Structure formats: C-alpha cells, structure tokens
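In what follows, a structure is listed as structure tokens, so that the remarks can point back to it.
Protein chains: 2
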Amino acid sequence: MTEPAVESDTRPWEELLKLARQGDESELSDYLASLPPTDQAFAFAHLDDEDAELIVNTLSVSHAAELLSRLSEAQAAGLVGTLSPQLAAAIVHELPSDEQADVLGELADDQVGAILDQLPEDEATDLREFIAYNDEVAGGLMNRELIRIPLNETIGGVIRIIESALERLTEGDVRYGYVVDDSDRLVGVLPMQNLLFSKRSTAVGDVMIREPMTVHDQTPLDDLIDVFDSYNFLGIPVVDADQKLVGVVLRQSVDYAAGQAAESDYLKSQGIVGGEELRTMPLWLRSRRRLSWLSVNILLNVGAASVVAFFQDTLQSVIALAVFLPIISDMSGCSGNQAVAVSMRELSLGLLRPTEVLRVWIQELGVGLINGAVLGLLVAIAALLYNGNGYLGLVVGTALFANTIVAVSIGGTVPLIVKRFGFDPAIASGPLLTTITDMCGFFLVLGIASQMIDKLTQ
Amino acid sequence: MTEPAVESDTRPWEELLKLARQGDESELSDYLASLPPTDQAFAFAHLDDEDAELIVNTLSVSHAAELLSRLSEAQAAGLVGTLSPQLAAAIVHELPSDEQADVLGELADDQVGAILDQLPEDEATDLREFIAYNDEVAGGLMNRELIRIPLNETIGGVIRIIESALERLTEGDVRYGYVVDDSDRLVGVLPMQNLLFSKRSTAVGDVMIREPMTVHDQTPLDDLIDVFDSYNFLGIPVVDADQKLVGVVLRQSVDYAAGQAAESDYLKSQGIVGGEELRTMPLWLRSRRRLSWLSVNILLNVGAASVVAFFQDTLQSVIALAVFLPIISDMSGCSGNQAVAVSMRELSLGLLRPTEVLRVWIQELGVGLINGAVLGLLVAIAALLYNGNGYLGLVVGTALFANTIVAVSIGGTVPLIVKRFGFDPAIASGPLLTTITDMCGFFLVLGIASQMIDKLTQ
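Just so you know, the sequences run in chain order A and U. Oh and the first sequence: position 363 is 363 in the UniProt record's numbering, straight run, nothing missing. Oh and the second sequence: position 404 is 404 in the UniProt record's numbering, straight run, nothing missing.
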C-alpha cells in the first residue's frame, strides 16, 4: 500500500464544499472527476452528513450516481440514507444494476420502501426481486444489463443490436451476446470475437455456442469462485428455475465479493462484528456493535479467571506465580491464534474439510511440541533469573510447554468444529480459543505449583 | 463458505494415486479434469511429496501445467520444487506468463537457475527479466501474451491476426488488439467490438483509439486498483521506460492480487509471518516461522510482566487482584484490536491517511469512554460479587475504564504510526498494542491498589 498520489496535506473535501456552496454543478463535477476514486472516498470520509448531502444535492443526478459507484458500499448507503426519497430514487435509478442492490441492501427496510415508492412500478418490482437475493449467490451478484439476441437474428442484426446497446450499457466493454428463444430461455452464447469471422447474413443459430455454461440464480459464491477458476470466462449467464435468462455474473463481481469475504473474516476475527465500521458512523452505533462482542468476551474472561480464584491460596504462598500468569495466558493465545489462522486459510482454499479434525490435530501436535519446548525453556530461564528458584522455572516452563500443545490443538481444530456446528469460525474461534487456553494455562501453572508448594516456598 | 460439492468422505487423492501407479495418462488426466479446482487442491493437500511427484510424472506436460494453474501458488511451487529441472522447465514453459513468474517467484534462487538453464536461451532471458519485477507492480502482474498489431495493418489483416492468435493464446477471450509502431511503441488500442463496425479494408490507424491509457511497468498495485476502479477496462497495456509495449495487466490479475494482499494481512495479524503456511510444509519450517514471531512476543510479554513484579508486595497483600489482572489484560487487548482492525480497514480503503493520528484518536476517545464505562462497571460488579469488598471493584473497574480508553487510543493510531515509520502495520500493530496495554493495565490496577491499600486489606 503506497501513499496516495495526492499530497497528504491537501484537503479535497474543503474544495468540494466550497464549490458546492457556490452551487456550480459543472465546476463541482469537474473537480470531483479530477480526483482518483480513493481520494473521492477519502474526501467523503471527512465530511459530516449535512455537508456530504449538500454536495450530492448540488451534483446532477448522473454525476451523483457516478460518485456513489466510487465509494465503498457502506459509505454510499450512508449517503443515500440522508437524501430525500425522491432524490435517492433518481440516483439509484442511474446506478448499474448490481450496485443498486448493494446500496439498497445496506439501508433499513423503511428507507428502501420509501425509495422504491418513488420509482416507476415495473422498475420497483424488478428491483424488489433483485434485492431479495442473498448478497452471496449468483442472483445477488449478477448484472441485469446484457445483450439479449433473438434466436432468429442474423449476424448483421446482432451487430446493429450491439451498436445501439453500446449507448445504453454502463459497462464499456461488451463481452458476449446471449441468444434466447421466444420464452426468454437461454439457447446460446456469442463471444464478440466470433462475430468477426462470420458473414453478416449468417443465422445466429449457426455460429453461437450451444448449450453454454450457465449458473443458477441461487448458486453460492464459493461455487462461482470454483467455476471462474476452472474456466477462463469473463461472465457466465444466470438462469432462474425455469431456465429463463435473468442476468450475467461477471468475473470481476465474483473476485470483488471474494475479496470482501476475506476482509470481513479479518474484521470479524478482531471483534468487529455486525457489519463494517467506518469512523464516520454514529458513535452510539460503533460503541454498541463493539460492545456486543466485548460483553460476551468479558463473561468468558471471568470464567477463566475463576480458575485463578480457585487456587488463590497457592498464589498467596508463591506470589511470583502471579507475574507469570499473564505471560502464560498471552503466549498460549498467540500460539493458538497462529493455528486458527492456518486452519481458516486452509478452509478457505479448500485444502481442508471440516471433518478432518484428527488430521489437523496430528499436524499441529508436532509444531506444539517443538514450539512449546522452546517457549517453555525461555520462560523457565526468565523465572530462574527473576527469583533464583529453579522450581519456579520448572513450574512455569512445564505449564507453558503443555499449554502450547493444548493451544495449537484447540486453535487448529476449533474453526473446523465451530463450522460443523454451523457457526461462523471467523467470529467464534478466537474467543473460544482464548477462554479454553486461559483456563487450561491457569490450571496447569497453579495446579503444578500446588503439588510442589514446599519446593517453591523454600 | 459452503460445503464443497463432492461428499467429504471421498478421498480423491487415493484414486489419483491408483491411476498414477497404473501409469495410464489418459485415465489419470480425465479423472483429474472431472474434479473441481478446489478438489484438485484438496487432493494435493493430502499427498506427500513422493506421491505428488509420481502423479505429475505420469501426467503429460500440458496436463501437468493445467494442474499447477489450479493449485495455490505455494502448492504449485512446492510441487515444481520436487521435480527434475528438465521436467519442471517443460511444465513452466506451458504455463501462462503471469503464472510462470508466480511459481518461480516462490522457489529458491538455485532451483530457479536450474530450471531456467533447461529453457531455450531467449525464453530464459525473457523470464529472468520478468521474475525480476516485484510481485506487486504492473510488470509482475502483467501477461506477456497479447495481440500485437502493426500500425500499417487493415481491419481485414487484424481479423486474420486474431484468428491465428486464438490458437496459441491461453486466454479464451480476446479483449483488445494493441497497435504498435516500428519501434514497438504502443500507438493505439482496438477494442474487439470496434472491429465489428468497420469495413475490412479500413486502415487500423483510422479506427484505433489513439493515446490509450497505459501504465508503467513499475506502477504499484494500489495505483492499479485505483485505475481499474476509475475505468471499466478489462486490461490496460503496460509500457517500459522507453514507452515500448511489454504486456497487458488484466483486471482479474489486479483483483486477485488485491485479495491476496487482504488475506495476507489477516495471516500476518495472527502471527503467520514469513509467508503462507500450508500444513503439508515441512514441520521444522512451520515451527521456525511461527517461533520467529512468538519469540519476539515472549520478550515483549516479559517486559509487561515486569510491571507486575514491581508491585509484587501490593499483590501479596491483596491477592484477589491477581484474579483480575488477566481479565484487564485480555479485555484491553480485545478493545484495542477492534480499533486496530477499523484503522487497517480504513487505511486499505483509502479513507484514512497515516498522518491523521489526531483525528483517529479523537474518534476513538468517544468509543473508549462509553465502552470503558460499561466494561469497567461489569468488572467492578464481578469483583464485588467475588469478595464483597467494594473497594476492589472500584480499583479494577477504574483501571479497566481507563485502560480501555488507552487501548482504543493506541489501537486506532498504532497502525498509522507503524506505517509512517515504514513497517508493516499488519505484523507490528498487534504485538505493540498488547505490550503497551498490558503494561499500562497492570500499572493502573496495581498502582491504584497500592494507593488505597488500607481499604483493600480491611
């Protein structure tokens, strides 16, 4: 990630706001167009709702739609939410079909309803169907704009259809034409380059690729990733249960969704759950979302700490143990999280199935033995240096050795088990792991210590 | 992430191995082709080096190259590393140009040298130049196969060039032709659909898009992401310092690289540094890589624990404090990591510049105040329930309240500061955060406790 092209001391939002206050649409949209997309997103991350609304209100509807395409989904939805339903509807009308669903999908149901009420009846019905698709199936990822070619057309006719379509299509590059029969069922595909090698009088049926690959509108993202990995298509037609052509899912939409899923796993693993957080969101919303995860964690923490409470007398006799408890807890968490990360990665690459708990456990045992021995030795030396009692080193070293093995075993397998029970491993693995390794680590240190309390208190 | 299509109790690697032992190339390659790409990767994740080598040796060179395209880079490189340089060179020769660099880039220098020595002189020279590019610049991401059109050609001639190119191109869809002058400098671009609307006798110079957008071979990934966000191109030509056409960078390559970067950030934040880990890698390599990060962490941990050691007498007098130290440490870490995740996300979206430390700090303060108050209250109640001494609750509650504010302040700003100093925020933010919040948390609990030791020991 390099520095953005524009110097970091420029403040593009100030210029935007100045131009918006002057009310000059063409200067404002020219300046906006001169900013790279990340700078547009950057500028809107620095504007409060009112100022952002003023800018969008000053822009023409089509320029406003272009702007929304450049922003992240959460930013775009936040902006649309502040507009009047009339203006919001006019802008949504201008967006490419896949982005319409993305933006409306982030809004509350009553906001979506108010916007749809402003659109023409048939567009609203279409859009309602489209929003109903899950984000992570072909129907939710597809574009509905495509070049539809009647089966009885000639190549010359197709070229005329493409010529007129080029004007209304938001996508600049035409990839394929889709050939449909009278009932709108897909019967063939025409890659653009095939048109080059045919006479204009040729019937479409003679040069199209018959029985083209299709996906169902409910095909999930993972299967789409697989299909695009296997075949070098730029887009695949989407059909509904009646084999009617409903859209085309593009490689770039699938790649983008896959990237979003990976980033969302990272955020969830760090405790950002319930949706992406932008710091421009309202404070109470940010606090509440973060707290929902933290409050579960504090309960789990109190559970783990109760092990320490149970051994309070041992701790009182050998207070030096208290210095090492946080080290054991933290290091075991680190070792376990490494194993969680490797399992999450192998699961997402398809190298690992949720049933292979035993195999993963065996593969982690070796790492646990080696790393546990090294870390145990290091902490034992630290303990010996700390108070000169070799038995203290023996206790904390043994405990960290054993608990590292526990941590990598739990860490490697917990994402698989969580997934088999139908929960999201990105959210649940971390808290489960640290709770178990904390309880086990405290139990090991204090349990072993209480067995050799005489040696420790000499 | 849904379950794979094949039942999880099938073992595709056993079938592969059986067919390889029978030595029947066509049955083996047919079976392989019948597996979805994730199942191919899954199967090779379950084979040891010898068995994998046997399978690749049985396959024809072109089928082996197809297989490598389906595997992850680390898997593919691992496999190529086990082959004889002759066979490896023959397979690399068959790979698409962007994948050649990906695979060779993961191998050791002497292995790369041995493979290149087996290739024809000019191909080896080409490839050596290509590997020299960094992975994350246009030169490292581009494809070198493209349709090169002399400026003096007619549309009819272009169509003949494309027809013959279609046979050798590994990419199934042709997107653009690139028009070059006598010195191989790019002078124009021909989108395929434009060819449809021109007479065959037209000169290329009359219909091509002049002064097309290009990127330099050293243009970094982030700028490429920006360019593809701004313009709906499927590919952009890459030129060297002399404006000579050297390749074309495809949207899908940039999307893929961006996804890889996001996943790599997740792995690094969890302590998987020094490269992706697959559990099929040698045990000592996996242990060593994980230990390199753990051993830094244990040093940081010992540093934080020394604060506890400093207050050992306070702890001895009020042993109940020891029960709450791990809770304070863990909860502060959780709060801080949430702020780290939000900053990492805002940095990668370009919503935030590394200079905006003050702005982020102010935005985190509000969250810290609210969440600190809630968490502090919860832990205070837990302490009161634990030993009935309200002062203990006051100490740990106040400490967690204050330390939550510290944690979100550090967590939100540390990725920015680390980045400004030129380090990788994904690797360094977590350990720095937990060390500082641990030290500060222990100091707060024990420092406040030592000030009101009389009340606590009543």
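We put the beta carbon where it would ideally sit given N, CA and C, even for glycine. Quick caveat, the model's predicted, so the values are computed rather than measured.
Can you name, in chain order, every residue of its own chain whose Cβ lies under 6 Å from the Cβ of residue i, other than the five neighbours on each side?
{"i": "V414/U", "result": "S429, L432, L433"}
{"i": "V307/A", "result": "M439, F442, F443"}
Could you check which residue in the options has the C-alpha nearest to that of residue i?
{"i": "P220/A", "options": "Y266/A, Y133/A, D184/A, W293/A", "result": "Y133/A"}
{"i": "D98/U", "options": "L351/U, Y178/U, G247/U, R359/U", "result": "G247/U"}
{"i": "V408/U", "options": "V445/U, I381/U, E364/U, L385/U", "result": "E364/U"}
{"i": "T178/U", "options": "D229/U, E129/U, V137/U, G235/U", "result": "Sequence check: residue 178/U is Tyr here, not Thr. Checking every option, the nearest Cα to that of Y178/U belongs to G235/U."}
{"i": "L349/A", "options": "R290/A, I225/A, A101/A, L285/A", "result": "I225/A"}
{"i": "S329/A", "options": "W361/A, L299/A, F401/A, E263/A", "result": "F401/A"}
{"i": "F423/A", "options": "T404/A, P354/A, G447/A, G390/A", "result": "P354/A"}
{"i": "I159/A", "options": "Q193/A, D222/A, L186/A", "result": "Q193/A"}
{"i": "Q451/U", "options": "L369/U, R420/U, A114/U, L394/U", "result": "L394/U"}
{"i": "V374/A", "options": "Y256/A, D222/A, T404/A", "result": "T404/A"}
{"i": "V187/A", "options": "Q243/A, V396/A, V379/A", "result": "Q243/A"}
{"i": "I91/A", "options": "A108/A, V56/A, D117/A", "result": "V56/A"}
{"i": "D217/A", "options": "L141/A, S253/A, D313/A", "result": "L141/A"}
{"i": "N371/A", "options": "L166/U, M208/U, R290/U", "result": "R290/U"}
For chain A, check one thing: does any of its Cβ atoms lie closer than 8 Å to the Cβ of residue i?
{"i": "F197/U", "result": "yes"}
{"i": "M452/U", "result": "no"}
{"i": "L234/U", "result": "yes"}
{"i": "Y266/U", "result": "yes"}
{"i": "N337/U", "result": "yes"}
{"i": "V192/U", "result": "Here residue 192/U turns out to be Met, not Val, going by the sequence shown. So yes, M192/U belongs to the interface."}
{"i": "T434/U", "result": "yes"}
By how many angstroms is the C-alpha of residue j removed from the C-alpha of residue i?
{"i": "R345/A", "j": "G336/A", "result": "14 Å"}
{"i": "S60/A", "j": "L351/U", "result": "24 Å"}
{"i": "L67/U", "j": "A64/A", "result": "46 Å"}
{"i": "G139/U", "j": "D48/U", "result": "34 Å"}
{"i": "F310/U", "j": "K18/A", "result": "57 Å"}
{"i": "V112/A", "j": "S343/U", "result": "30 Å"}
{"i": "S34/U", "j": "I298/U", "result": "48 Å"}
{"i": "Y391/U", "j": "S287/A", "result": "27 Å"}
{"i": "M331/U", "j": "G376/U", "result": "10 Å"}
{"i": "T125/A", "j": "A89/A", "result": "14 Å"}
{"i": "A449/U", "j": "L325/U", "result": "12 Å"}
{"i": "R279/U", "j": "V360/A", "result": "8 Å"}
{"i": "P36/A", "j": "G105/A", "result": "26 Å"}
{"i": "L245/U", "j": "M281/U", "result": "39 Å"}
{"i": "Y386/A", "j": "I410/A", "result": "31 Å"}
{"i": "E25/U", "j": "Y231/A", "result": "22 Å"}
{"i": "Q22/A", "j": "L16/A", "result": "10 Å"}
{"i": "L32/U", "j": "L416/A", "result": "26 Å"}
{"i": "L267/A", "j": "P237/U", "result": "35 Å"}
So, for residue i: in the same chain, excluding its five sequence neighbours on each side, which residues have a beta-carbon less than 7 Å away from its beta-carbon?
{"i": "T457/U", "result": "S317, V318"}
{"i": "S72/U", "result": "A41"}
{"i": "I327/A", "result": "V379"}
Counting only C-beta atoms, is residue i closer than 8 Å to chain U at any point?
{"i": "S329/A", "result": "yes"}
{"i": "V80/A", "result": "no"}
{"i": "R345/A", "result": "yes"}
{"i": "Y256/A", "result": "yes"}
{"i": "I370/A", "result": "yes"}
{"i": "P4/A", "result": "Note that P4/A has pLDDT 41, beneath the 50 cutoff, so the model's placement of it is unreliable and no number is given."}
{"i": "S8/A", "result": "Residue confidence for S8/A is low, a pLDDT of 42 falling below 50, so the modelled location carries little weight; the figure read from the coordinates is stated next. Output row for S8/A: interface = yes."}
{"i": "N386/A", "result": "Looking at the sequence provided, one finds Tyr at residue 386/A rather than Asn. At least one chain U Cβ lies under 8 Å of Y386/A."}
{"i": "S241/A", "result": "What sits at residue 241/A in the sequence shown is Ala, not Ser. Not one chain U Cβ lies under 8 Å of A241/A."}
{"i": "I55/A", "result": "no"}
From the DSSP output, which residues share a beta bridge with residue i?
{"i": "R210/A", "result": "G188/A"}
{"i": "Y176/A", "result": "P191/A"}
{"i": "L245/U", "result": "V239/U"}
{"i": "L250/A", "result": "G235/A"}
{"i": "I155/U", "result": "According to DSSP, which records beta bridges pairwise, I155/U is partnered with nothing at all."}
{"i": "V215/A", "result": "V238/A"}
{"i": "V137/U", "result": "P220/U"}
{"i": "N143/U", "result": "V248/U"}
Keeping to the same chain, check which residues put their C-beta closer than 8 Å to that of residue i; ignore five residues upstream and five downstream.
{"i": "E27/A", "result": "L19"}
{"i": "E123/U", "result": "H93"}
{"i": "G419/U", "result": "Looking at the sequence itself, residue 419/U is Lys, so the reference to Gly does not match. Cβ within range, chain order: L347, P354, P425."}
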